[in-house]
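Listed in order, the protein sequences are those of chains V and A. Residues in the first sequence are numbered from 13 upward in steps of one, following this note's numbering. Residues in the second sequence are numbered from -19 upward in steps of one, following this note's numbering. Okay, structure first, notes after.
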Amino acid sequence: SAVISQKPSRDICQRGTSLTIQCQVDSQVTMMFWYRQQPGQSLTLIATANQGSEATYESGFVIDKFPISRPNLTFSTLTVSNMSPEDSSIYLCSVFIQGLREKLFFGSGTQLSVL
Amino acid sequence: RKEVEQDPGPFNVPEGATVAFNCTYSNSASQSFFWYRQDCRKEPKLLMSVYSSGNEDGRFTAQLNRASQYISLLIRDSKLSDSATYLCAGDTGRRALTFGSGTRLQVQP
Chain V
13 SAVISQKPSR DICQRGTSLT IQCQVDSQVT MMFWYRQQPG QSLTLIATAN QGSEATYESG
73 FVIDKFPISR PNLTFSTLTV SNMSPEDSSI YLCSVFIQGL REKLFFGSGT QLSVL
Chain A
-19 RKEVEQDPGP FNVPEGATVA FNCTYSNSAS QSFFWYRQDC RKEPKLLMSV YSSGNEDGRF
41 TAQLNRASQY ISLLIRDSKL SDSATYLCAG DTGRRALTFG SGTRLQVQP
């Protein structure tokens, strides 16, 4: 597995502001993803963070709202821009570990509340 | 139709009971499936992978039925500590996973 550190663990933000979430992995990983989990819902994939190039966004998510950086194979950030209460959610980074049995692991998540 | 569907529950079972969850998927191209466990306000944690041949880990058994496009999780001798939400997931072909909405299990003393 991998140790995935995500911060902040939680934040309360005002409408219209932006928050950047950081994800640090203790080993180099090729595939890194950002998910969102809204209250009482399952996980929804926001985007794939690509090292050295623009992220690949899923339907319904756009770069202007959720800019992502991936400067190297161990680090990524997700920014939630111009926040509204609808953005209140848990945001999770995840990494794909290749091996005999390929698996997806998650960071501890960032619980975001927008007032 | 959602790609991965689960009965949200809750499943309320007494300690020691056997409980089974099913999960159906619509993408017949999905190759890999997993069960995750998520405790309240925590991140999902991988419970087990699901193989066509079946996969057993202690009290937990996972099965994949490709013909009917469903996966299952069986928990034997339920413990209080098994209370959690169980998420099934299938691959998207891009190493990311698509998750079901989760099945909540409450084991009661």
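The C-beta atom is built at its ideal place from N, Cα and C for all residues, glycine as well.
query: Got a sec: is the Cβ-Cβ distance from V/Gln53 to anything in chain A below 9 Å?
result: yes
- prompt: Looking only at DSSP bridge pairs, what is V/Met43 linked to?
  reply: V/Phe108
- request: Run the CB neighbour count on A/Ala42, radius 10 Å, all protein chains shown included, and call it buried at 16 or more, exposed below.
  value: buried
message: Let me confirm a value: V/Gln26 is counted as buried when at least 16 other C-beta atoms fall within 10 Å, else exposed. Which label applies?
response: exposed
query: Beta-carbon of A/Gly82 versus every beta-carbon of chain V: anything under 9 Å?
result: yes
message: Going by DSSP in three states, A/Ser61 sits in which element: helix, strand or coil?
response: helix
message: I'd like to know if A/Thr72 contacts chain V, where contact means its C-beta is closer than 9 Å to some C-beta of that chain.
response: yes
Minimum Cβ-Cβ distance from V/Ser106 to chain A less than 9 Å: yes
field: Inter-residue spacing [alpha-carbon to alpha-carbon] between V/Thr122 and V/Ser106
entry: 12 Å
query: Who are A/Leu54's beta bridge partners in DSSP?
result: A/Ala0 and A/Thr41
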